[in-house]
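Novice: Residue numbers (the working numbering), protein chains in the order written: chain X, -12 to 511; chain U, 2 to 356.
Note that beta-carbon positions come from the ideal geometry of N, C-alpha and C, so glycine has one too.
The structure under discussion is supplied below as structure tokens; questions concerning it will follow.
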Amino acid sequence: MAEHPADVVPTLELRGVRKAFGPVVALRSGTLVVAPGSIHALVGENGAGKSTLVKIVAGVYRRDGGELLLDGRPVDFGSTAESKAHGVAVIYQEPTLFPDLSVTENIFMGRHPLGALRRIDRAAMYAEAARLFERLGVRIDPRRKAEGLSIADQQIIEIAKAISLDARLLIMDEPTAALSGVEVERLFAVARSLRDEGRALVFISHRFDEVFALCDTVTVMRDGEYVATHPTASTSVDRIVAAMVGRDVAELFPKTPAALGDPVLEVQGLTSAGVFQDVSFTVRAGEIVGLAGLVGAGRSEIARAVFGVDRYDAGSVRLAGKPVPPGSPRAAIEAGMAFVPEDRRRQGLVIDASVSRNVAGVIRGSLARLGLLTARAENAAAAPWASRLEVKTGALDMHATTMSGGNQQKVVIAKWLATEPRLLIIDEPTRGIDVGTKAEVHRLLSELAGRGIAILMISSELPEVLGMADRVLVVAEGRITADLAREEATPEAVMLAATQHPGHHAAGLQGHRPSDVAPTEAAS
Amino acid sequence: MSSTPTRAYAPYSQPLWKRVLLTRESAIIALTVVVICWALAAVPNFDGPLTLKYLLQDTAPILLIALPMTLVIITGEIDLSVASIVGLSSVLLGVLHQGGMSVPAAGAVALLVGAACGTLNGVLVAYVGLPSLAVTIGTLALFRGVAVGLLGTTAVTDFPEAWTDLATGTVGESSVPLVMVPFAALVVVFTLLLHFSPFGRGVYDIGLNGEAARFSGVHVARTKLVLFVLSGVVSAFAGLYFTLRFGSARGDNATGLELQVIAAVLLGGVSIFGGRGRLHGVLAGVVLIGVIASALRLEGVTVNVTNIVIGVLLIVSVVSGALVAYVSGRLRRPRPGSSAEAPETSSRRAASAGA
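Below, the structure is given as structure tokens:
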């Protein structure tokens, strides 16, 4: 499908599309040509402008310049409703369905089939939904509520909605990020059948094995600009990665051995009823300890309890030999802990506040003189830390909302390094971050450990844990089931320990499938 | 990621004049100045010597309570019980004075009770985790009920002249009421607290993202408790002033004042959703409402009409923000053929590669 006759009118055509948010140019020159009956991959680092481009096509943003053509006709969307009316459907990583309505009502939201006296014709609706599901080859009861559907099924509902709208262009923004292997295969089968019906699909992903398995053509973007378009058949992962980062990717996991010092964090018998039980471990100065396990095993909850965001029922936390009082993040910070949480946007930073306010957010108490704090003092304190992490921003008063995920993560890390911690707890350090920034974060963690900081790292990416950690603790159903030294920590050993209590966690296999290992290794 | 700083950042993305002038606060101050100029030119007697005195005396309770209310609303909460605390404080001053207590002693008790009222609100909101709207609607009724219950429908009016004179007096020979002195002190305190202290930064963080604030070590619950206590104390102080100014302690004093305070705070540019707003805008908002009320009264317009004007103004001010955003969005809509800035080379490359 990679080669199309030159006279085929592309379903979607963007030429030199531009979008700026104030002084920040998110998209300099977005160009994308998608032929009907093809699956087109859009790849690039975070901050490359992919999401902005998608939102322009979806009608969320209005472009500042450039051309946008659908089926060869110039269009201009002022709202998502307009783009939908033109046959554009966007499926996001985490769909937003109405949880209390049935899946059928979600599909027909806003355009219910009407019977006599304008009553909603439910029978017709359910029949149509059942027909859609059959066509997609999925088994979902049309009458069930959307609440409790897996993310994979929610995406299927969105796809069903798109098909029932007869969308000619489907854009999927990192649809596989939260899916298991089987679910990915099902999604791909659906995508291929839609392609064979002549629809155009745009597929955004960070996983190269998926890009090559599914897509006909791949377009690479970098720094808000179009870089290149290749048929997947005639290119390679290495070439794509090189085009994405504009340079050869350095060693991805540059963990250098550091001399281990005294124990910094000592956790004894930590228990929170129903969440985790009898968790004990130690992190030494200069050591990176990886906390591995399935999603939902209780890794993040342990970290939150150690830092004092959540309370615990029994056990103790000591930092550098001194007990840390439970339930108080402030006390944990004063003891020398720093915590980069899992969810950047909700927990990591105040997204609507400036870079300066965020970076100086934890240390501002010590910036005050006679109790008075000035913006000047905050800027003076924030600038060097932002600079050390090479945060890309025009000015210190720019809000974090305007930045890419990788840059936001740098702001969060800068904020915590500014406290000069003895222990850094970092939960999913590179989630949603592009390849280049990932390597930067890994280098930074290694450098911090080299300077004697103790690091507790939680990660769902097995290669990251195995590559970075001096020691791997595996958590399964709230208990530590293995304590593996770097040499012993093989993917098989970790997986074995992570699944020691076989049970209801089968859905949380994210990040531990062999297919996850492949792209990262390939990228290095 | 080197260990030495390599990048330099401009502290601000906009020039100073833009940051100062193109704000909601500046707009409301400008509007206030315009309305004052109009009143001076067109309203008879507005330039008289007594206008300023009465204007400030009338708006003093709103000015006072607007200070803590601004901080409360910036955290995303609200305190509807302030007017009831004014009433309770007024009644306590009357009842205790009638019972033989001196005015300062009775006043001190009233302030303590105000702090206790604020603590009740604060504990229920911050530590129990109830929504402040519900909690303070409840305490609005509760405190008012206690106030009316203590004094019934009677009023205490026999306050010593020395104290009532203090409430109605002016600074020296000027027409600035004496109450502006403690008010000015409170303005300084609240400005430093909100805009120049780590506490104030926490107030904004809580309003913008309470969860991230907690993860960064901000004492979210404690901050909210402190603000509700401040709100209670300042409201109680406003109650003392209110009582002595009119020489009358009544259970129904200042009924409905909370809505005027909140209207002024929102008019001054504070977001009801929290996280946004500055004190100088709020003060301009209070003054604007005061000037309009005073000017319309001098024009012989009834209070109902004044309320209509202020209500419309509030709605217009809220709508205008959305309107400006919408209009600027429409103006930026690209016109057909405006793609000249698109680099020709990349288009060609894409064309050859994609086709």
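1) In terms of DSSP beta bridges, what is V313/U paired with?
2) If contact is defined by three or more beta carbon pairs under 8 Å, each pair taking one atom from either stretch, is the stretch 353 to 371 of chain X in contact with the stretch 187 to 200 of chain U?
3) Would you report the Cα separation of V378/X and A401/X, rounded to the nearest angstrom?
4) Look up R60/X in the DSSP assignment and say whether it is helix, strand or coil.
5) So, is the C-beta of V270/X closer than 8 Å to a C-beta in chain U?
6) Residues of chain U with a CB under 9 Å from the CB of I320/X: which are they?
7) Taking only three categories from DSSP, how would you classify R105/X?
8) Taking the alpha-carbon positions, what's the G108/U to R351/X distance?
9) When you compare the CB of P335/U with every CB in chain X, is at least one pair closer than 8 Å?
10) Expressed to the nearest angstrom, what Euclidean distance is found between the alpha-carbon atoms of G301/U and A370/X?
11) I want to see whether chain X comes within less than 8 Å of S198/U, judged by CB atoms only; does it?
12) So D421/X contacts chain U; which residues on that side make the cut at Cβ distance below 7 Å?
13) I'd like to confirm the pairing. Which residues does DSSP put opposite T217/X in its beta bridges?
14) Roughly how many angstroms lie between the CA atoms of G233/U and V288/U, to the nearest whole one?
15) Exposed or buried, which one is E184/X when buried takes at least 16 other CB atoms within 10 Å?
16) Would you mind working out which of M444/X, A362/X, L336/X and G348/X sits nearest N394/X, comparing C-alpha positions?
17) My assumption, with CB atoms under 8 Å, is that L306/X sits in contact with A272/X. Please give the rounded CB distance.
18) Using a Cβ-Cβ distance under 8 Å, would G276/U count as near chain X?
19) What is the C-beta distance between W178/X and I26/X, in whole angstroms, given that I count them as a contact (C-beta under 8 Å)?
20) Provide the residue(s) that pair with S341/X in DSSP beta bridges, ordered along the chain.
21) From the beta carbon of F199/X, is the nearest beta carbon of chain U less than 8 Å away?
22) Give the residues from the stretch 201 to 235 of chain U that approach chain X closer than 9 Å (Cβ to any Cβ), ordered along the chain.
23) For the stretch 34 to 46 of chain X and the stretch 195 to 213 of chain X, state whether three or more C-beta atom pairs, one from each stretch, are separated by less than 8 Å.
24) Identify, in the order they occur along the chain, each residue of the same chain with its Cβ nearer than 6 Å to the Cβ of E0/X, setting aside the five sequence neighbours on each side.
25) Going by Cα to Cα distance, which pick from G17/X, Y48/X and T67/X is closest to E54/X?
26) Pick out whichever of E145/X, A68/X, A229/X and V(-5)/X has its Cα sitting closest to the Cα of E81/X.
27) Suppose the cutoff is 6 Å on Cβ atoms and the five residues either side in sequence are ignored; what does the same chain contact list for Q58/U look like?
28) Does W18/U get closer than 8 Å to chain X when you measure Cβ to Cβ?
29) In angstroms, rounded to a whole number, what distance separates the CA positions of V44/U and T33/U?
30) Measuring CA to CA, which of V104/U, A117/U and T224/U is closest to F160/U?
31) If I measure Cβ to Cβ from V147/U and keep anything under 7 Å in the same chain, skipping five residues before and after, which residues do I get?
32) So if DSSP puts V276/X in a beta bridge, which residue, or which two residues, is it bridged to?
33) Leaving aside the five residues before and after G275/U along the sequence, list all residues of the same chain whose C-beta is less than 8 Å from its C-beta, in chain order.
34) Does the Cβ of N305/U have 16 or more other Cβ atoms within 10 Å, making it buried, or fewer, making it exposed?
35) Mind reading off the beta-carbon distance from V87/U to A255/U? Whole number of angstroms is fine, and I expect it under 8 Å.
36) Using a Cβ-Cβ cutoff of less than 6 Å, which residues in the same chain neighbour V180/U once the five nearest sequence positions on both sides are dropped?
Specialist: With the structure as the only source:
1) Position 312 of the second sequence, counting from 1, holds the residue named residue 313/U. According to DSSP, V313/U bridges with nothing at all.
2) yes
3) In the first sequence, counting from the first residue as 1, residue 378/X sits at position 391. In the first sequence, counting from the first residue as 1, residue 401/X sits at position 414. Their Cα atoms are separated by approximately 9 Å.
4) For this step, residue 60/X is matched to residue 73 along the first sequence. R60/X: strand per DSSP, three-state reduction.
5) What you label residue 270/X is simply residue 283 of the first sequence in a count that begins at 1. False, the Cβ-Cβ gap to chain U never drops below 8 Å.
6) Counted from its first residue, the first sequence places residue 320/X at position 333. The answer, in chain order, is S217 and G218.
7) Counting from one through the first sequence, the residue named residue 105/X turns up at place 118. If DSSP states are grouped into helix, strand and coil, R105/X belongs with the helices.
8) The residue labelled residue 108/U in the question sits at position 107 within the second sequence. The residue labelled residue 351/X in the question sits at position 364 within the first sequence. Straight-line Cα distance between these residues: approximately 37 Å.
9) The count along the second sequence starts at 1 and reaches residue 335/U at position 334. Annotation note: pLDDT 48 at P335/U (below 50); position unreliable, no value reported.
10) Within the second sequence, residue 301/U is the residue found at index 300, counting from 1. Within the first sequence, residue 370/X is the residue found at index 383, counting from 1. About 58 Å.
11) For the purposes of this step, residue 198/U is taken as residue 197 along the second sequence, with counting starting at 1. Output row for S198/U: interface = yes.
12) Here residue 421/X corresponds to residue number 434 of the first sequence, with the count starting at 1. Those do not exist, as D421/X stays about 15 Å from chain U at its closest Cβ, beyond 7 Å.
13) Position 230 of the first sequence, counted from the start, is the residue given in the question as residue 217/X. The sequence as given places His at residue 217/X; Thr does not occur at that position. BP columns for H217/X point to V205/X.
14) In the second sequence, residue 233/U corresponds to position 232, counting from 1. In the second sequence, residue 288/U corresponds to position 287, counting from 1. Near 22 Å, if we compare the C-alpha coordinates of V288/U and G233/U.
15) One-based indexing of the first sequence puts residue 184/X at position 197. Exposed.
16) As a working mapping, residue 394/X is identified with position 407 in the first sequence. N394/X has its Cα closest to that of L336/X, out of M444/X, A362/X, L336/X and G348/X.
17) As a position in the first sequence, residue 306/X is number 319, starting the count at 1. As a position in the first sequence, residue 272/X is number 285, starting the count at 1. About 11 Å separates the two Cβ atoms, so there is no contact after all.
18) Here the question's residue 276/U lines up with position 275 in the second sequence. Chain X contact via Cβ: present.
19) For the purposes of this step, residue 178/X is identified with residue 191 of the first sequence, where counting begins at 1. For the purposes of this step, residue 26/X is identified with residue 39 of the first sequence, where counting begins at 1. Note on identity: in this sequence residue 178/X is Ala, with Trp being the wrong assignment. With a Cβ gap of about 6 Å, A178/X and I26/X count as contacting.
20) Taking the first sequence and counting its residues from 1, one reaches residue 341/X at position 354. In the DSSP output, where bridge partners are listed per residue, S341/X has H386/X.
21) Within the first sequence, the letter at position 212 stands for residue 199/X. So, not an interface residue.
22) G201, R202, G203, Y205, D206, L209, N210, E212, A213, A214, R215, F216, S217, G218, V219 and H220
23) yes
24) On the first sequence, position 13 is the one that residue 0/X refers to. Excluding residues within five positions, the ones whose Cβ falls inside 6 Å are V20 and L56.
25) For the purposes of this step, residue 54/X is taken as residue 67 along the first sequence, with counting starting at 1. Here the closest residue by C-alpha is G17/X.
26) In the first sequence, counting from the first residue as 1, residue 81/X sits at position 94. Here the closest residue by C-alpha is E145/X.
27) Against the second sequence, residue 58/U aligns to sequence position 57. So the list reads P178, once near-sequence residues are dropped.
28) Along the second sequence, one-based indexing puts residue 18/U at 17. Chain X, which has no Cβ nearer than 8 Å to the Cβ of W18/U, makes this no.
29) Within the second sequence, the letter at position 43 stands for residue 44/U. Within the second sequence, the letter at position 32 stands for residue 33/U. C-alpha separation (whole angstroms): 15 Å.
30) The residue given as residue 160/U occupies position 159 in the second sequence. The shortest Cα separation from F160/U among V104/U, A117/U and T224/U belongs to V104/U.
31) Taking the second sequence and counting its residues from 1, one reaches residue 147/U at position 146. If we look at V147/U and ignore the five residues flanking it on each side, its Cβ neighbours are L89.
32) Walking along the first sequence from the start, residue 276/X turns up at place 289. Beta-bridge pairing links V276/X to L443/X and R458/X.
33) The residue you call residue 275/U lines up with position 274 of the second sequence. The answer, listed in chain order, is I74, I75, T76, G77, E78, I207, G208 and L209.
34) To locate residue 305/U, count along the second sequence from 1; it is residue 304. Exposed, because fewer than 16 other Cβ atoms sit within 10 Å of the Cβ of N305/U.
35) As a first step, residue 87/U is located in the second sequence; it is residue number 86 there, counting from the start. As a first step, residue 255/U is located in the second sequence; it is residue number 254 there, counting from the start. Yes, V87/U and A255/U are in contact; Cβ-Cβ is about 4 Å, under 8 Å.
36) Residue mapping note: residue 180/U aligns to position 179 of the second sequence, counting from 1. Only A61 and Y242 meet the Cβ criterion.
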